[in-house]
Structure formats: C-alpha cells, structure tokens
Amino acid sequence: DVKVTQSSRYLVKRTGEKVFLECVQDMDHENMFWYRQDPGLGLRLIYFSYDVKMKEKGDIPEGYSVSREKKERFSLILESASTNQTSMYLCASSSGVDYGYTFGSGTRLTVV
Amino acid sequence: QKEVEQNSGPLSVPEGAIASLNCTYSDRGSQSFFWYRQYSGKSPELIMFIYSNGDKEDGRFTAQLNKASQYVSLLIRDSQPSDSATYLCAVIPISGGSNYKLTFGKGTLLTVNP
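Quick mapping for you: the protein sequence lines, in order, are chains A and B.
For the record, in the first sequence the residue sitting at position 60 is 155 according to our numbering, with numbers rising by one throughout.
For the record, in the second sequence the residue sitting at position 68 is 98 according to our numbering, with numbers rising by one throughout.
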C-alpha cells in the first residue's frame, strides 16, 4: 500500500511564527498536493506539484508557499502563521490522473 | 469555477437498508469520478472510482455514473453502523488547464442507526 506520511498529527504555533509541514510518500508518485479542510468549506487546494521543483497554485495559496526538492517530499510553509490558518492540513499523492489520491493522516494545526 | 455539489445531510438510514448518496458536477467534460469515505477526525480514503457510464460494483458498494445528466451516485447495500462517515465525491474536470487536480464536493454525512 502507498504510504503518505505527515510529520505531525497535532501542532500548536504562535501567531507570526514560520511553520513547516512535511509530507513524504513512498511510492514514487509524480503528483503531490496540499489541502486544508475546514467545517462547512470542505477540502480546498492550497498548492500542488507534478514534478520535482515544479509547483502550481491551487485555490487558496495566499499566506503559503511550498517546496519540492525531492520527488518523495513535499513541504508546506506558512510564512507568518495567523489564527485564520488554524485548520486540518492534508497532504495527498497520486501516480496519475485516473488513480485518485492517497491521503496522509493529516496535521491539525492550531495558531494561537 | 468547476463545482461538485452534494447534499450535506445528515442522511440517516437504519442498519441493513440501502444508503443512496448523490453528487452532481458542472464540468460536462469531466472524465473520472471518485468516492472517498472520511471518518470523523480521520483523512479521506478512496473507496470507489468510475470512468464509464453505468454501474460499477465492489462488494456492498455500487457507483453509478450518468454523464448526460452529470451526476454520480454511491449506493451502499446492507448498511452497517461502521459505514457512518462523511462521503466525499470528487471529479477530475477535463477543462481548466490542469488535469492533475481533483475537485471535491463538501461531502454528505451518513449515519447508520443500529
């Protein structure tokens, strides 16, 4: 089975801190994604990457950046955390358009 | 904006009944359709995918696709309390530049009562 591992299950950070969320997949997938999920708003795409060093903005990229230096790792960076970034963050990977995504277990981030 | 619409629920069914979950999508050119199950506090897991018009069965689950009417549904036969979860419909729209991305509905909460 494909494994997508997110480094932290729960995270509490202070307003203004720089926050790194790490995601690693072990199946050589080309495509990786970062979503946030909030009650009533569903899953919203922040950024995705279809190759090493390649990235594209999703629907809500403001306040976030990403890094993909190696194929297996996709990092989400909150440049200056704010309380409205308190959310569940989900990483996913995919080998191709027809196969859907495999999600990591999620990181619940609280910014205080 | 390509949209995927689902009734938010909650949909409540008795144990052993058939649960029917529905989804409509706006991009007529969409090609691939997925159903995810998400338990409370957990991440979504893929349970079904369908590409062609008609039905696709996998155990107690049946996905139905009607591209002309732009809807996709999920039937769960012999519903169990362990099926209680939020079910997310997802679509890959063929237009819009990138075909890597899934567009998700907001999900339907299903409760199966013992």
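No residue lacks a Cβ here, since even glycine has one placed at the ideal position from N, Cα and C.
- A Cβ of chain A is located within less than 9 angstroms of the beta carbon of B/P74.
- When C-beta atoms of the segment 33-42 of chain B are compared with those of the segment 188-201 of chain A, fewer than three pairs fall below 8 angstroms, so the two segments do not count as touching.
- Just so you know, the alpha carbons of A/L136 and B/Y55 end up roughly 17 angstroms apart.
- With 16 or more other CB atoms across the displayed protein chains lying within 10 angstroms of its CB, A/A187 is buried.
- Here the segment 40-60 of chain B does not lie against the segment 114-126 of chain A, with fewer than 3 beta-carbon pairs under 8 angstroms apart.
- For A/T205, the number of other beta carbons within 10 angstroms of its own is below 16, and it is reported as exposed.
- In chain order, H124 place their CB closer than 6 angstroms to the CB of A/S190, counting only its own chain and leaving out the 5 sequence neighbours on each side.
- It is roughly 16 angstroms from the alpha-carbon of B/A93 to the alpha-carbon of B/I122.
- For B/R67 and B/D113, the gap between their C-alpha atoms comes out near 9 angstroms.
- Just measuring C-alpha positions, the residue of B/A115, B/P144 and B/T133 sitting nearest B/E75 is B/A115.
- The beta carbon of B/K136 sits closer than 7 angstroms to the beta carbons of Q36 and S38 from its chain, once the five residues preceding and following it are set aside; these are given in chain order.
- Selection B/A120, B/L132 and B/P111 evaluated against B/T141 yields B/P111 as nearest (Cα-Cα).
- The Cβ neighbour count for A/F115, taken over all protein chains shown within 10 Å, is under 16; the residue is labelled exposed.
- With respect to the C-alpha of B/G71, the residue from A/E164, A/K152, A/M183 and A/L140 having the closest C-alpha is A/M183.
- In the DSSP assignment, A/R168 forms a beta bridge with A/V119 and A/K165.
- A/L138 places its beta carbon less than 9 angstroms from that of B/L118.
- Rounded to the nearest whole angstrom, the CA to CA distance from B/A49 to B/I106 is 5 angstroms.
- Contacts between B/K131 and chain A, judged by CB atoms closer than 7 angstroms, involve L140 and F143 in chain order.
- Legend: CB atoms of the segment 169-185 of chain A lying less than 7 angstroms from CB atoms of chain B belong to residues L185.
- In this structure, the alpha-carbon of A/D133 lies about 11 angstroms from that of A/L185.
- In this structure, DSSP gives B/S112 a helical state, which the three-state scheme calls helix.
- In chain order, G195 make up the part of chain A whose C-beta sits under 7 angstroms from the C-beta of B/F79.
- Judged by DSSP secondary structure, A/V206 falls within the beta strand (DSSP E) whose first and last residues are T202 to V206.
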